[in-house]
Structure formats: C-alpha cells, structure tokens
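Trainee: Starting off with a structure, shown below.
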Amino acid sequence: LEVTGAPIFSEEGKWKGVVLVFHDISELKQLEQTRKDFVANVSHELKTPITSIRGFSETLLDGAMKDEKMLDQFLQIILKESGRLQSLIKDLLELSKLEREDFLLNVEQIDIQSLLRDLLPIVKQHADHKNVDLSMDIEGSTVIQGDSSRLKQVFMNLLANAINYTSDQGEVSLTFEESENHIMVSITDNGVGIPEEEISRIFERFYRVDKARSRNSGGTGLGLAIVKHIVEAHQGTIHVESVLEKGTTFHIEIPKKFTES
Ligand code: ADP
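This note's numbering puts the first residue of the sequence shown at 15, with every later residue one more than the last.
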C-alpha cells in the first residue's frame, strides 16, 4: 500500500485537515516481480548450455581434439546443448506470440478425432523408444471449430510429457468423450505423478517439479504454459488430477463452437 498525504488549509490559512490517498500497488508490484523473475529465469536457462558449449569447445581446441573418443563425446555434448538452446528459443518465441494482444487463432472446422488419430504414429516412436505402452481408443468423427495446428501442439505436448514422466514399462492412454456442446480429451499416465501442493504451479513458466528430470528429457519448462494459453484461447479448460508415484491425468475440455471474444 502506498500512502501520500497533503494538508488542507482554509482561505484564511487555517489548517483544516489532511487528505490521504491510498494506492494499492500490490498488484503492480506482483507483476513487476513476475517480470523480473522471468528475465532471471530466461538468463539462467540460456547461460547453462552456453557455458557448457564454450567449455567443451575450448577443451577440444586445447588439444582434446586429438583424442578421437573425446572428440566424439564432446561434439555430442555440444550438439545436445545447442539443441537445448534451440528448443528454448523456439518455446520463448511461441509464448511471446501467444501472449500478444493481437494474437488470433486460425479457426476452422476440424475433425478432432481424426486429428488425434494422426498424432499416434508421431508419438508412438517416442513411446517405443522409452518402452512405454501407448494406447488411443478413438473412433468416429466429431467436427469442432478450432485451430488445428495449435490443438495438435497441445496434445503433442501433453503426450510427450506423459511419456517423459513415466518410467520404463509404463502406460499412457488417450481417451475422447463428448457432450452436446463440448469435447473432452484425457491423457493418463502411470508415471511419477505430481505432489499435490505443486499441481497449481506446473503451468507457470519454467516451473518444474524435478529440474534434472525435465532437462534430461529435453524439457524447456515452458510446455504447459504454452498448452494453457492455447486451451484458454479456445475458451476451454485444463484440469489435472495426480497422485504421487501413481500417475497423472490431464483433462482438456473445449467447446465445439468457437465464439469470437
Ligand atoms: P517440461 O519441459 O519441464 O516438461 P512443462 O511445462 O511441460 O515443462 O511441465 C512442467 C512440469 O510439470 C514438469 O517439469 C514436470 O515436473 C511436471 N509435469 C508435467 N507433465 C507431467 C506428467 N504427465 N507427470 C508428472 N509430472 C508432469
């Protein structure tokens, strides 16, 4: 709370009282703090791979290059870390695009079930690689109004997370339901789960329950922030249920008809 005051005098110059103005600046302060945290987070996330790329390149140039095994190993690290930088920058640009005031969805009629079926072969590779069993039981076709490439992005992100945060031999499934005016897609895994007190925070930019695990699987910490933006732009909602060490379900509900806001 910011308070400013000024005395009031009568025409004869006699003191009559004071005016106090109370300014609630807590919301502004909060916004400013969020912005500062974001800049600090971005800087830190960029610094880590760059430090590693520089360090390994210097070591190679200092002579390690002559050892073929080291050359190969270090170049792999440099490639991986520059890939991380690339994903990070891609997600940052994406997020800033979604947050622009003039951002518009490219709304068209889409068969949402067919869109989901098309994702299967793409994520299957990822699941096989991690030895995770992936099932998707979707039949029929339901036409909704939405932005197909953005919605693909949502489900790809959630499926990739479900696979990443599930251990070997785990299971990930995607189900589809519809009511008169809405569709609901649920993605369930039997992976690591999310502690109850952290569930509300996972949509924040760069919030990760387990930093090392997220980084190792190539995560930028921005995926769910992007997902939430897209779902909300479709006037939909996203809801999470999770039990630690048992698994997680993300429910995405979207209206079939898009209304211009
Ligand atoms: P990341 O790139 O770290 O995966 P996200 O924004 O996609 O970033 O997710 C934020 C955090 O939420 C993750 O780091 C992870 O801790 C948690 N999380 C997301 N999806 C799942 C899931 N299916 N199971 C367990 N934890 C999850």
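Ideal placement from N, C-alpha and C gives every residue a C-beta, glycine not left out.
Note that the coordinates shown come from a computational prediction; the quantities given were computed from them, not determined experimentally.
(1) Assign Ser275 to one of two classes, buried (16 or more other C-beta atoms within 10 Å of its C-beta) or exposed (fewer than that).
(2) Enumerate in chain order the residues of its own chain whose CB-to-CB distance from Leu172 is below 8 angstroms, with the five nearest sequence positions on each side excluded.
(3) Candidates Ile91, Gly27 and Met198: which alpha carbon is nearest Thr251's?
(4) Check whether the Cβ of Ser228 sits closer than 8 angstroms to any heavy atom of ligand 3, and report yes or no.
(5) Assuming Thr189 contacts Val146 (C-beta within less than 8 angstroms), just tell me the rounded distance between them.
(6) Counting Cβ pairs closer than 8 angstroms, one from the region 233-249 and one from the region 96-114, do we hit at least three?
(7) Exposed or buried, what is Val35 when buried is set at 16 or more other beta-carbons lying within 10 Å of its beta-carbon?
(8) Only counting runs of 3 or more residues, tell me where the beta strand (DSSP E) segments fall wholly within the region 155-236, in order along the chain.
(9) Judging by CA-CA distance, which residue of Phe272, Leu133 and Phe220 is the nearest neighbour of Glu276?
(10) How is Gly27 classed by DSSP in three states: helix, strand or coil?
(11) Please look up how many angstroms separate the CB atoms of Glu46 and Ser66, rounded, as I've assumed it's under 8 angstroms.
(12) What does the Cβ neighbour count give for Gly31, buried or exposed, with the cut at 16 atoms within 10 Å?
(13) Would you kindly check if the distance between the Cβ of Ile158 and the Cβ of Ile268 is under 9 angstroms?
(14) What does Asp147 pair with, by DSSP beta-bridge criteria?
(15) Is Ala174 closer than 9 angstroms to Val223 when the C-beta atoms are compared?
(16) By how many angstroms is the C-alpha of Lys270 removed from the C-alpha of Phe117?
(17) Over the uninterrupted alpha helix (DSSP H) stretch that includes Asp51, give me the two end residues.
(18) I need the straight-line Cα distance from Glu108 to Leu238, nearest angstrom please.
(19) Please report the distance separating the alpha-carbon of Gly160 from that of Phe272.
(20) Roughly how many angstroms lie between the CA atoms of Gln123 and Ser110, to the nearest whole one?
(21) Out of Ile208, Val186 and Glu246, state which residue places its alpha-carbon closest to the alpha-carbon of Val254.
(22) Using a threshold of 9 angstroms, state whether the C-beta atoms of Glu210 and Ser256 are closer than that.
(23) Check the DSSP bridge columns for Asp81 and list the partner residues they point to.
(24) According to the neighbour-count rule (16 or more other Cβ atoms, all chains shown, within 10 Å of its Cβ), is Gln127 buried or exposed?
(25) Have a look at the DSSP bridge pairing and note the partners of Leu34.
(26) Taking only three categories from DSSP, how would you classify His253?
(27) How close, in whole Å, do the beta carbons of Ile39 and Phe70 come, if the pair is a contact with beta carbons under 8 angstroms?
Mentor: Result, derived from the coordinates:
(1) Working through the sequence shown from its first residue, we reach residue 275 at position 261. Label assigned to Ser275: exposed.
(2) Position 158 of the sequence shown, counted from the start, is the residue given in the question as residue 172. The answer, listed in chain order, is Ile201, Val241, Phe264 and Ile266.
(3) Within the sequence shown, numbered from 1, the residue matching residue 251 stands at position 237. Of Ile91, Gly27 and Met198, the residue nearest in Cα terms is Met198.
(4) As presented, the structure is devoid of ligand 3, carrying ligand 1 as its sole ligands.
(5) As a position in the sequence shown, residue 189 is number 175, starting the count at 1. As a position in the sequence shown, residue 146 is number 132, starting the count at 1. Thr189 to Val146, Cβ: 17 angstroms. No contact.
(6) Here the region 233-249 lies against the region 96-114, with 3 or more beta-carbon pairs under 8 angstroms apart.
(7) Taking the sequence shown and counting its residues from 1, one reaches residue 35 at position 21. Under the 10 Å beta carbon count, Val35 is surrounded by fewer than 16 other beta carbons and is classified as exposed.
(8) The qualifying runs are 157-160, 185-192 and 196-203.
(9) Beyond the ends of the chain as shown, which are 15 and 275, falls residue 276; an answer cannot be given.
(10) Within the sequence shown, numbered from 1, the residue matching residue 27 stands at position 13. Here Gly27 sits in coil by DSSP.
(11) What you label residue 46 is simply residue 32 of the sequence shown in a count that begins at 1. What you label residue 66 is simply residue 52 of the sequence shown in a count that begins at 1. With a contact defined as Cβ atoms closer than 8 angstroms, Glu46 and Ser66 miss out at about 32 angstroms.
(12) Numbered from its first residue, the sequence shown carries residue 31 at position 17. It is exposed - the Cβ of Gly31 has fewer than 16 other Cβ atoms within 10 Å.
(13) Residue numbering aside, residue 268 sits at position 254 when the sequence shown is read from its first letter. Residue numbering aside, residue 158 sits at position 144 when the sequence shown is read from its first letter. In contact: Ile268 and Ile158 (Cβ atoms closer than 9 angstroms).
(14) For the purposes of this step, residue 147 is taken as the residue at position 133 of the sequence shown. In the DSSP output, where bridge partners are listed per residue, Asp147 has Glu185.
(15) For the purposes of this step, residue 223 is taken as the residue at position 209 of the sequence shown. For the purposes of this step, residue 174 is taken as the residue at position 160 of the sequence shown. Cβ distance not < 9 angstroms, so Val223 and Ala174 don't count as in contact.
(16) Locating residue 117 in the sequence shown gives position 103, where the first residue counts as 1. Locating residue 270 in the sequence shown gives position 256, where the first residue counts as 1. Cα-Cα distance, rounded: 21 angstroms.
(17) Translated into positions along the sequence shown, residue 51 becomes position 37. Taken as a continuous stretch (DSSP letters only), the alpha helix (DSSP H) holding Asp51 covers Ser40 to Leu75.
(18) The sequence position of residue 108 within the sequence shown is 94, counting from 1. The sequence position of residue 238 within the sequence shown is 224, counting from 1. Going by the C-alpha atoms only, they are around 12 angstroms apart.
(19) Sequence index remark: in the sequence shown, residue 160 carries index 146 (1-based). Sequence index remark: in the sequence shown, residue 272 carries index 258 (1-based). Cα-Cα distance, rounded: 7 angstroms.
(20) Position 109 of the sequence shown, counting from 1, holds the residue named residue 123. Position 96 of the sequence shown, counting from 1, holds the residue named residue 110. Between the alpha carbons of Gln123 and Ser110 lies a gap of roughly 26 angstroms.
(21) In the sequence shown, the residue the question calls residue 254 occupies position 240. The shortest C-alpha separation from Val254 is found at Ile208.
(22) To locate residue 210, count along the sequence shown from 1; it is residue 196. To locate residue 256, count along the sequence shown from 1; it is residue 242. Cβ distance < 9 angstroms, so Glu210 and Ser256 count as in contact.
(23) For the purposes of this step, residue 81 is taken as the residue at position 67 of the sequence shown. BP columns for Asp81 are empty, so no partner.
(24) Working through the sequence shown from its first residue, we reach residue 127 at position 113. Under this definition Gln127 is a buried residue.
(25) Translated into the one-based positions of the sequence shown, residue 34 becomes position 20. DSSP lists Gly19 as partners of Leu34.
(26) Residue mapping note: residue 253 aligns to position 239 of the sequence shown, counting from 1. His253: strand per DSSP, three-state reduction.
(27) Numbered from 1 along the sequence shown, position 25 holds the residue referred to as residue 39. Numbered from 1 along the sequence shown, position 56 holds the residue referred to as residue 70. About 47 angstroms separates the CB atoms of Ile39 and Phe70; that is not less than 8 angstroms, and the two are not in contact.
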